[in-house]
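Trainee:
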Amino acid sequence: MGEEFVVLSLAPMLIGVFAAVACAIPGNFLLLRRQALIGDAISHVVLPGIVVAFLVTGVVAAWPMMLGAGGASLVAVGLIEAIRRLGGIEPGAAMGVVFTAMFAGGVLLLEQSDTSSVHLDVEHALYGNLESLIWLDAQGWASLADIGALRGLPPELPRMALTLVLVTGLTWVFWRPLKLSTFDEAFARTVGLPVSLIGLGLVVVAAIAAVAAFDAVGSIIVIAMFICPPAAARMVTNGLEAQVAWSIGFAVLSAVLGYVLAGYGPLWLGFDDAVSAAGMIATVSGAILGLAAAFGPCRHRSGVSASAP
Amino acid sequence: MSVELVTTEANREDRDALAASPLAVRGLTVSYGEKPAVFSLDATFEQGAMTAIIGPNGAGKSTMLKAALGIVKPVSGQVTAWGEDLEEMRARIAYVPQRATVDWDFPARVLDVVMMGQYRKLGLLGRVKTKHMQTALHCLERVGMDGFADRQIGQLSGGQQQRVFLARALAQDAELYLLDEPFAGVDAATETAIISVLKDLRGLEKTVVAVHHDLSTVAEYFDRVFIISTSKVAEGAVADAFTQSNLQKAYGGRLATAQMGALG
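Those sequence lines, one after another, are chains A and B.
Residues 383 to 691 (this note's numbering) are what the first sequence spells out, left to right.
Residues 755 to 1018 (this note's numbering) are what the second sequence spells out, left to right.
1) On a Cα-Cα basis, can you pick out the residue from P540/A, L437/A and Y509/A that is closest to S425/A?
2) Decide if L575/A is buried, meaning its Cβ has at least 16 other Cβ atoms within 10 Å, or exposed.
3) Out of I981/B, L920/B and S785/B, state which residue places its alpha-carbon closest to the alpha-carbon of L955/B.
4) Between which two residues does the beta strand (DSSP E) containing A806/B stretch?
5) Under 7 angstroms, Cβ to Cβ, is there at least one residue of chain B near Q417/A?
6) Roughly how many whole angstroms lie between the Cα atoms of D904/B and D866/B?
7) Are any of the Cβ atoms in chain B nearer than 7 angstroms to that of G474/A?
8) For I981/B, write down the residues that DSSP places opposite it in a beta bridge.
9) Would you tell me roughly how many angstroms separate the C-alpha atoms of A418/A and N811/B, rounded to the nearest one?
10) Look at V433/A and L490/A and say whether their C-beta atoms are less than 7 angstroms apart.
11) Determine, using beta carbons only, whether V585/A and V459/A come nearer to each other than 7 angstroms.
12) Tell me the DSSP bridge mates of A790/B?
13) Give the straight-line distance between the Cα atoms of T665/A and F608/A, rounded to the nearest whole angstrom.
14) Kindly indicate which three-state DSSP category F677/A falls into: helix, strand or coil?
15) Confirm, please, whether the CB-CB distance from T884/B to L930/B is below 7 angstroms.
16) Strictly under 7 angstroms for the Cβ-Cβ distance: is T545/A near chain B by that measure?
17) So which residues on chain A does Y873/B lean against when the C-beta distance must stay under 7 angstroms?
18) Scan the segment 660-680 of chain A for residues whose Cβ lies nearer than 7 angstroms to a Cβ of chain B and list them as they occur along the chain.
19) To the nearest angstrom, report how far apart A759/A and W650/A are at their CA atoms.
20) Identify, in the order they occur along the chain, each residue of the same chain with its Cβ nearer than 6 angstroms to the Cβ of G640/A, setting aside the five sequence neighbours on each side.
21) Closer than 8 angstroms, Cβ to Cβ, to anything on chain B: give me those residues from the segment 599-628 of chain A, in chain order.
22) Could you check the C-alpha separation between T971/B and Q625/A for me, to the nearest Å?
23) Can you list the residues of chain B that V555/A reaches, using a CB-CB cut of under 8 angstroms?
24) Exposed or buried, what is F596/A when buried is set at 16 or more other beta-carbons lying within 10 Å of its beta-carbon?
25) Take K986/B and list the residues in its own chain whose beta-carbon comes closer than 6 angstroms to its own, dropping the five residues that flank it on each side.
26) Hey, is the segment 801-817 of chain B in contact with the segment 901-918 of chain B, meaning 3+ C-beta pairs nearer than 8 angstroms?
27) Within 7 angstroms (strictly less), CB to CB, does R844/B reach chain A?
28) By Cβ distance, which residues of its chain are closer than 7 angstroms to S756/B, with the 5 residues on each side in sequence left out?
29) Going along chain A, which residues have a C-beta under 7 angstroms from I825/B?
30) Just mark D422/A as buried or exposed, buried being the case when its beta carbon has 16 or more other beta carbons within 10 Å.
31) Considering I432/A, what are the terminal residues of the alpha helix (DSSP H) in which it resides?
32) If you check the beta carbons only, do V940/B and G957/B fall under 7 angstroms apart?
33) Assuming T946/B is part of the alpha helix (DSSP H), what are its boundary residues?
34) When DSSP labels each residue in this structure, what does V626/A get in the three-state scheme?
35) Where does F799/B sit, in a helix, a strand or coil, going by DSSP?
36) Considering just the uninterrupted stretch of the alpha helix (DSSP H) at D866/B, what are its terminal residues?
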């Protein structure tokens, strides 16, 4: 764990951890509001947003792409609301229709446009490029105190850190309104809370986390982190505060363990190449969810008897 | 000329009536689809009284309450609380929703739910102090749920859940209490506990309005009734308005003879 770790693994691991936690925190509330699919929807619709941003600007740069992705997620959220209200159908179905259609549109756009010269493809969109976010300027642990070397950090790292600070700060400040309106929206309205605004704010924060994380680590991690750590945490505890804390723990564990297993696991098993870190992180989070579902102390829905079909 | 004078006189009288009433609606119409769920309702709930909102299934009882509280958006109509805009008076109004409208598997303890009643006192980041906790525990005591503070809400019976909701409303320390079907599907002990709390509130000059479905207990529990069947059928003291002919108008053929028997 010396120089090589700092150069090759420190930055991607931290980015993975920040992305996982930034998605898991809003994921808790989306899960309890039965809107968990919204993370799935947002992470799919960013693809057409990014392709359109590329076609408009002609460059693969972070900010235009994030703006394109943000714009696409707003369009998607608007469309989902419109279909839900006008069609009078359940939100899950509306989300399913919108994100598959927009993702397919993004794939078509990508195939029809000349993006072969740049690093923009479906695989990249799904898995990101976590392993390539290395810190070449680092000489070792001492570089953490070296301003010149710190400037050479991959830009995804400060961006993801900033996103995490934003998500955490907003969740902390608006904790009570979020908890109250998630549990009992009608009551929350009668104490004067702007419940629609709170719901919209939550989705926008989730979208910011998803877009920032997508840029760094791809959509697989985003989808997994919105659902798996919060769902696993729910089966471990019966308190909202504890649930969010556990979900953060599970997100960190998934990111670190997933990264290490992807990098070294195949070597231990006698294979030559490492596997996708994003894929492994998502897999680990799924495994944690499986374990929580099998052994979690709070896995039974209390209102339902064990013998019910 | 004389017509105008009469109108102004009526307006002034209505303004006085609105100012005296903790909750009043005028011309309230709510529609979920093509058909209105409640149509052009006028209601003036009386200060210090216990009023039952009664009417057949689908008559718009809950909808009326939700629209009066701003939970659903009315197509038209005005709502006033003590003659003022409802939004200004929220701190003085407590609400008990139907038990079935929330997911009781939500990760929370009984005390967490009762603490929600003190949101307006605590605000976004106000520190929870011992006195807030004591208020919450005292409210649980008043509904006969002391000792349940740390219980997971999903482990409660229906009646206990209803009492926790009532405790949360008590924690709001309001002057007007609006309850949506507080006796629906609860055990006898809970019904007794709830009605005794509500009567205590009336003793403290508070106003209670409850959507109620059991006609046989109306006269025993309440002072006044508001009978609704999409539109208003009658409003007044139980002795005047809770009559066979008004009920016949509201329920039509749906009124069972057994229920009519309860009228005596």
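Using N, Cα and C, we set each Cβ at its ideal position, and we do this for glycine too.
Mentor: From the atom records:
1) Taking the first residue of the first sequence as 1, we reach residue 425/A at position 43. For S425/A, the nearest C-alpha among the options comes from Y509/A.
2) The count along the first sequence starts at 1 and reaches residue 575/A at position 193. Label assigned to L575/A: buried.
3) Translated into the one-based positions of the second sequence, residue 955/B becomes position 201. Of the listed residues, the one whose Cα sits closest to L955/B is L920/B.
4) Locating residue 806/B in the second sequence gives position 52, counting from the first residue. Unbroken beta strand (DSSP E) run through A806/B: M804 to I808.
5) The residue you call residue 417/A lines up with position 35 of the first sequence. Chain B, which has no Cβ nearer than 7 angstroms to the Cβ of Q417/A, makes this no.
6) For this step, residue 904/B is matched to residue 150 along the second sequence. For this step, residue 866/B is matched to residue 112 along the second sequence. Distance between the alpha carbons of D904/B and D866/B: 9 angstroms.
7) Counting from 1 along the first sequence, the entry for residue 474/A is found at position 92. False, the Cβ-Cβ gap to chain B never drops below 7 angstroms.
8) Reading the second sequence from its first residue, position 227 is the one you call residue 981/B. Beta-bridge pairing links I981/B to I808/B and A988/B.
9) For this step, residue 418/A is matched to residue 36 along the first sequence. For this step, residue 811/B is matched to residue 57 along the second sequence. Their Cα atoms are separated by approximately 34 angstroms.
10) Along the first sequence, read from residue 1 onward, the residue named residue 433/A stands at position 51. Along the first sequence, read from residue 1 onward, the residue named residue 490/A stands at position 108. Cβ atoms of V433/A and L490/A: not closer than 7 angstroms.
11) As a first step, residue 585/A is located in the first sequence; it is residue number 203 there, counting from the start. As a first step, residue 459/A is located in the first sequence; it is residue number 77 there, counting from the start. Cβ atoms of V585/A and V459/A: closer than 7 angstroms.
12) Taking the first residue of the second sequence as 1, we reach residue 790/B at position 36. Inspection of the sequence shows that residue 790/B is occupied by Pro rather than by Ala. Answer is S785/B, bridged to P790/B.
13) On the first sequence, residue 665/A is found 283 positions in, with the first residue counted as 1. On the first sequence, residue 608/A is found 226 positions in, with the first residue counted as 1. In a straight line, the C-alpha of T665/A is about 14 angstroms away from that of F608/A.
14) Counting from 1 along the first sequence, the entry for residue 677/A is found at position 295. Correct three-state label for F677/A: helix.
15) The residue labelled residue 930/B in the question sits at position 176 within the second sequence. The residue labelled residue 884/B in the question sits at position 130 within the second sequence. No, these two residues do not count as a Cβ contact at 7 angstroms.
16) In the first sequence, residue 545/A corresponds to position 163, counting from 1. T545/A does not count as touching chain B.
17) Within the second sequence, residue 873/B is the residue found at index 119, counting from 1. Near Y873/B (Cβ distances below 7 angstroms), the residues of chain A are R558, L562 and V573.
18) none
19) No answer is possible for residue 759/A: the residues shown for chain A start at 383 and end at 691.
20) Against the first sequence, residue 640/A aligns to sequence position 258. If we look at G640/A and ignore the five residues flanking it on each side, its Cβ neighbours are M662, I663 and V666.
21) R616, T619, N620, G621, L622, A624 and Q625
22) One-based indexing of the second sequence puts residue 971/B at position 217. One-based indexing of the first sequence puts residue 625/A at position 243. Going from the Cα of T971/B to the Cα of Q625/A covers about 43 angstroms.
23) In the first sequence, counting from the first residue as 1, residue 555/A sits at position 173. Going along chain B in sequence order, the residues near V555/A (Cβ under 8 angstroms) are L878 and L879.
24) Position 214 of the first sequence, counted from the first residue, corresponds to residue 596/A. So F596/A ends up on the buried side.
25) On the second sequence, position 232 is the one that residue 986/B refers to. Here the set comprises L795.
26) no
27) If you number the second sequence from 1, residue 844/B lands on position 90. Chain A, which has a Cβ nearer than 7 angstroms to the Cβ of R844/B, makes this yes.
28) Reading the second sequence from its first residue, position 2 is the one you call residue 756/B. Because S756/B carries a pLDDT of 48, less than 50, the predicted location of this residue cannot be relied on, and the following value inherits that uncertainty. Answer for S756/B: no residue qualifies.
29) Mapped onto the second sequence, residue 825/B falls at position 71. Near I825/B (Cβ distances below 7 angstroms), the residues of chain A are A568, R571 and T572.
30) Sequence index remark: in the first sequence, residue 422/A carries index 40 (1-based). Per the 10 Å Cβ criterion, buried.
31) Indexing the first sequence from 1 puts residue 432/A at position 50. Residues L419 to T439.
32) Residue mapping note: residue 940/B aligns to position 186 of the second sequence, counting from 1. Residue mapping note: residue 957/B aligns to position 203 of the second sequence, counting from 1. No, Cβ-Cβ distance for V940/B and G957/B is not below 7 angstroms.
33) Within the second sequence, the letter at position 192 stands for residue 946/B. Note, T946/B: alpha helix (DSSP H), A942 to G957.
34) Numbered from 1 along the first sequence, position 244 holds the residue referred to as residue 626/A. If DSSP states are grouped into helix, strand and coil, V626/A belongs with the helices.
35) Taking the second sequence and counting its residues from 1, the one referred to as residue 799/B is at position 45. Of the three classes helix, strand and coil, the one that applies to F799/B here is strand, per DSSP.
36) For the purposes of this step, residue 866/B is taken as residue 112 along the second sequence, with counting starting at 1. Residues V864 to M870.
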